[in-house]
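Working notes, structure below.
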Amino acid sequence: MKAALEALIKLFYPDRCIFCLGLLEPDGSCSCRREVEMKCRLSLGRRETRFRESWPSFVISSYIYRDPVPEAVANFKFRGFTHAANEMARVMAEDAADYPELGACHLVVPVPSYRGRTLHGLVLAREFAKAMGLPFDPKAVKKTRETKKQHELDPRSRRTNLKDAFAADERVKGLRVIICDDVLTSGSTILELASVLRAAGAEEVYAVTFARAGNKR
Ligand SMILES: [Zn+2]
114 MKAALEALIK LFYPDRCIFC LGLLEPDGSC SCRREVEMKC RLSLGRRETR
164 FRESWPSFVI SSYIYRDPVP EAVANFKFRG FTHAANEMAR VMAEDAADYP
214 ELGACHLVVP VPSYRGRTLH GLVLAREFAK AMGLPFDPKA VKKTRETKKQ
264 HELDPRSRRT NLKDAFAADE RVKGLRVIIC DDVLTSGSTI LELASVLRAA
314 GAEEVYAVTF ARAGNKR
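The numbering of the sequence shown is the numbering used here, which starts it at 114 and goes up by one.
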């Protein structure tokens with residue numbers, strides 16, 4: 114019954130390419146993909162960002178945030194395709210497989226939103242955890258207050274904006290944790306969340322994002 118219902122939903126709302134929103138070929142491919150991969154996909158050795166601070170140990174990102182990646186992220190955010198979350202998570206897990214440290218983690222957490230107001234980050238992190246075969250615990254971290262939008266602030270205000278905005282549960286103690294997010298921009302959000310996880314006793318913190326802002330490739 115469930116399969117029949119899913120088939121019917123697919124008939125009316127077929128899966129679309131996450132980049133050009135065109136209909137996918139029966140094998141799930143799209144003709145735009147080759148060009149996107151050539152232009153925007155980060156190769157091994159270029160996909161890690163290491164911060165001066167000691168945590169998170171590193172962040173890996175699958176794509177550079179350059180046309181058409183921003184459109185793909187916006188479509189995912191505002192149109193909410195489950196298929197898009199699936200596909201993004203699949204690529205992220207594929208890239209994460211090159212890093213044994215990530216496969217040896219205990220837990221995946223999303224970047225929490227205040228009172229669970231935005232869902233897309235949660236869905237992406239859940240799908241990523243599934244693709245990695247790792248436990249997912251959205252309640253291990255929470256956002257304790259409203260903050261201004263990070264992209265509206267200058268780099269210096271970004272960290273102060275987030276100060277004391279996150280909390281981590283003591284259940285992360287001794288665990289190696291992956292933070293999953295859609296886009297890495299200045300890194301302030303991930304740095305702040307990672308430091309909160311560390312303070313709560315997490316043994317190691319890594320982060321995985323779908324895309325990374327910046328022109329370097
Ligand atoms: Zn396409």
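Backbone N, C-alpha and C define an ideal beta-carbon position, used for all residues, glycine too.
Point to revise | Coarse secondary structure for PHE189, derived from DSSP in three states | key: Taking the first residue of the sequence shown as 1, we reach residue 189 at position 76. Looking at PHE189 - three-state DSSP - the assignment turns out to be helix.
Check your understanding: Tell me, which residues are paired with LEU266 by DSSP?
Key -> On the sequence shown, residue 266 is found 153 positions in, with the first residue counted as 1. None, per the DSSP bridge assignment.
Exercise for review: Identify the continuous alpha helix (DSSP H) that holds LYS243 and give its terminal residues.
Suggested key: For the purposes of this step, residue 243 is taken as the residue at position 130 of the sequence shown. 233 to 245 is the span of the alpha helix (DSSP H), which, as asked, contains LYS243.
Check your understanding: Is the distance from the Cβ of VAL186 to the Cβ of ALA320 below 8 Å?
Key -> Along the sequence shown, read from residue 1 onward, the residue named residue 186 stands at position 73. Along the sequence shown, read from residue 1 onward, the residue named residue 320 stands at position 207. Not a contact, by the Cβ cut-off of 8 Å.
Check your understanding: What is the C-beta distance between ARG289 and ALA238, in whole angstroms, given that I count them as a contact (C-beta under 8 Å)?
Key -> Reading the sequence shown from its first residue, position 176 is the one you call residue 289. Reading the sequence shown from its first residue, position 125 is the one you call residue 238. Rounded, the Cβ-Cβ distance is 16 Å, inconsistent with contact.
**Study point:** C-alpha gap between GLU240 and HIS233, whole angstroms
**Key:** Indexing the sequence shown from 1 puts residue 240 at position 127. Indexing the sequence shown from 1 puts residue 233 at position 120. So the two alpha carbons sit approximately 11 Å from each other.
Check your understanding: So, are the CB atoms of ILE177 and LEU155 less than 8 Å apart?
Key -> Position 64 of the sequence shown, counted from the first residue, corresponds to residue 177. Position 42 of the sequence shown, counted from the first residue, corresponds to residue 155. In contact: ILE177 and LEU155 (Cβ atoms closer than 8 Å).
**Study point:** Local Cβ density within 10 Å of THR302, reported as buried at 16 or more and exposed below that
**Key:** Here residue 302 corresponds to residue number 189 of the sequence shown, with the count starting at 1. It counts as buried.
Review point. Do you know offhand how far VAL204's Cα is from LEU304's?
Key: Along the sequence shown, one-based indexing puts residue 204 at 91. Along the sequence shown, one-based indexing puts residue 304 at 191. VAL204 and LEU304: Cα-Cα distance of roughly 23 Å.
Practice item. Would you kindly check if the distance between the Cβ of PHE164 and the Cβ of GLY327 is under 8 Å? Key: Here residue 327 is taken as the residue at index 214 of the sequence shown, counted from 1. Here residue 164 is taken as the residue at index 51 of the sequence shown, counted from 1. Not a contact, by the Cβ cut-off of 8 Å.
Check your understanding: Going by C-alpha distance, which of CYS293, PRO268, VAL309, HIS264 is nearest ASP282?
Key -> Within the sequence shown, the letter at position 169 stands for residue 282. Here the closest residue by C-alpha is VAL309.
Review point. Which residues share a DSSP beta bridge with ILE292?
Key: As a position in the sequence shown, residue 292 is number 179, starting the count at 1. According to DSSP, which records beta bridges pairwise, ILE292 is partnered with VAL222, ALA320.
Check your understanding: Which whole-angstrom value is the C-beta distance of VAL296 and VAL254, which I expect to be below 8 Å?
Key -> Taking the sequence shown and counting its residues from 1, the one referred to as residue 296 is at position 183. Taking the sequence shown and counting its residues from 1, the one referred to as residue 254 is at position 141. Not really, about 18 Å apart at Cβ, beyond 8 Å.
Review point. DSSP state of LEU121, grouped into three classes?
Key: By 1-based counting over the sequence shown, the position of residue 121 is 8. The answer is helix: DSSP assigns LEU121 an H, G or I state.
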